[in-house]
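Q:
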Amino acid sequence: MKLYNTMTNQKEEFIPLEKGKVKMYVCGPTVYNLFHIGNARTFVIFDTIRKYLEYRGYEVNFVQNFTDIDDKMIKKAEDLGVTVKELGDQYIKEYYEDADKLRIKRATVNPRATDYIDEIIEFVGELEDKGHAYEIDGDVYYETKSFDTYGKLSGQKLDDLRAGARIGVDQRKK
């Protein structure tokens, strides 16, 4: 099987790091709403790859997270008068129901972001200590210029990116 390697911009023969075993991590949904066709596309594609690898005899450890805390979730929970955990639990349940209808195989494990808050805070602190992130008014921003190879996978150059193209410009950012 050949896969496209973004780092080399070439199709390359797939060779697992460990003979007979494959580890896959696929970013899962932010669980503040039902997943839509765009989300489903990603889930179905990686499910197909996983099933093919299993068919070829690989033992696949498939990890897909749930982002169960973010600004959209907090706002929606407030609007509905429920806790963020209750909102996340409901949409995780809905996710499984919808994924089952699409015959998407369940992940080996689905870690929730909220289960790793302490580790996330510690890691952000390490980024700040190394000059890779900075804090303004309680918000932490990644210092993209501190990362020499930023944009390498996407093929974009930092100087060519337009601030505000995806989200509003925050004038406080460097």
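Using my numbering, read the sequence shown as starting at 6 and increasing by one per residue. For each residue, glycine too, the CB sits at the ideal point set by N, CA and C.
1. According to DSSP, what are the bridge partners of L8?
2. For R46, list the residues DSSP reports as bridge partners.
3. Does the Cβ-Cβ distance between K183 and E64 come in under 8 Å?
4. Which residue's Cα is closest to the Cα of I126: K24, E140 and N115?
5. Output needed for N10: all residues of its chain with C-beta closer than 8 Å, excluding positions within five of it in sequence on either side, in chain order.
6. If you drop the 5 nearest sequence neighbours on each side, which residues of the same chain put their C-beta closer than 8 Å to that of G62?
7. Relative to the C-alpha of E133, which residue among V145, I122 and D123 is closest?
8. Would you be able to state if there are at least three C-beta pairs under 8 Å between the region 103–111 and the region 33–52?
9. Per DSSP, which residues does K28 bridge with? Please list them.
10. Comparing C-alpha positions only, which one of Q95, K56 and L8 sits nearest to T113?
11. Which residues share a DSSP beta bridge with F71?
12. Just the Cα atoms here: how many angstroms apart are M12 and E23?
13. I'd like to check one pair, V36 with F51: are the Cβ atoms closer than 8 Å?
14. Short of 6 Å in beta carbon distance, which residues of its chain neighbour N66, apart from the five on each side in sequence? Order them along the chain.
15. Taking F128 as the reference, give the member of K110, Q95, P116 and Y147 with the closest Cα.
16. Using CA atoms only, rank isn't needed, just tell me which of S159, V68, K80 and E99 is closest to A118.
17. Are S151 and G136 close, meaning C-beta to C-beta below 8 Å?
18. In terms of residue numbering, what span does the alpha helix (DSSP H) encompassing D94 cover?
A: Per the coordinate set shown:
1. As a first step, residue 8 must be located in the sequence shown, where it is residue number 3. DSSP, once it has assigned bridges, lists E17 as partnering L8.
2. Indexing the sequence shown from 1 puts residue 46 at position 41. According to DSSP, which records beta bridges pairwise, R46 is partnered with nothing at all.
3. Residue coverage of the chain in this structure runs from 6 to 179, which leaves residue 183 outside it and unanswerable.
4. Within the sequence shown, the letter at position 121 stands for residue 126. That would be E140, whose Cα lies nearest to the Cα of I126.
5. By one-based count along the sequence shown, residue 10 stands at place 5. Once the five neighbours on either side are set aside, the close Cβ partners of N10 are K16 and E17.
6. Working through the sequence shown from its first residue, we reach residue 62 at position 57. Counting only Cβ-Cβ distances below 8 Å, and skipping sequence neighbours, we find G25.
7. Sequence index remark: in the sequence shown, residue 133 carries index 128 (1-based). The residue with the shortest Cα to Cα distance from E133 is V145.
8. They touch, by the three-pair rule.
9. Position 23 of the sequence shown, counting from 1, holds the residue named residue 28. Answer is N66, bridged to K28.
10. Translated into the one-based positions of the sequence shown, residue 113 becomes position 108. Of Q95, K56 and L8, the residue nearest in Cα terms is K56.
11. For this step, residue 71 is matched to residue 66 along the sequence shown. Residue pairing by DSSP places F71 opposite R117 in a beta bridge.
12. Position 7 of the sequence shown, counting from 1, holds the residue named residue 12. Position 18 of the sequence shown, counting from 1, holds the residue named residue 23. The straight-line gap from Cα to Cα measures roughly 20 Å.
13. Here residue 51 refers to the residue found at position 46 when the sequence shown is read from its first residue. Here residue 36 refers to the residue found at position 31 when the sequence shown is read from its first residue. With contacts defined by Cβ atoms closer than 8 Å, F51 and V36 do not form a contacting pair.
14. Taking the sequence shown and counting its residues from 1, one reaches residue 66 at position 61. K28 and T113, listed in sequence order.
15. Position 123 of the sequence shown, counted from the first residue, corresponds to residue 128. Of the candidates K110, Q95, P116 and Y147, the one whose C-alpha sits nearest the C-alpha of F128 is Y147.
16. The residue given as residue 118 occupies position 113 in the sequence shown. Cα-wise, what sits closest to A118 is V68.
17. Sequence index remark: in the sequence shown, residue 151 carries index 146 (1-based). Sequence index remark: in the sequence shown, residue 136 carries index 131 (1-based). Closer than 8 Å, so yes.
18. Looking up residue 94 in the sequence shown gives position 89. Following the DSSP letters along the chain, one finds D94 inside the alpha helix (DSSP H) bounded by residues V89 to K106.
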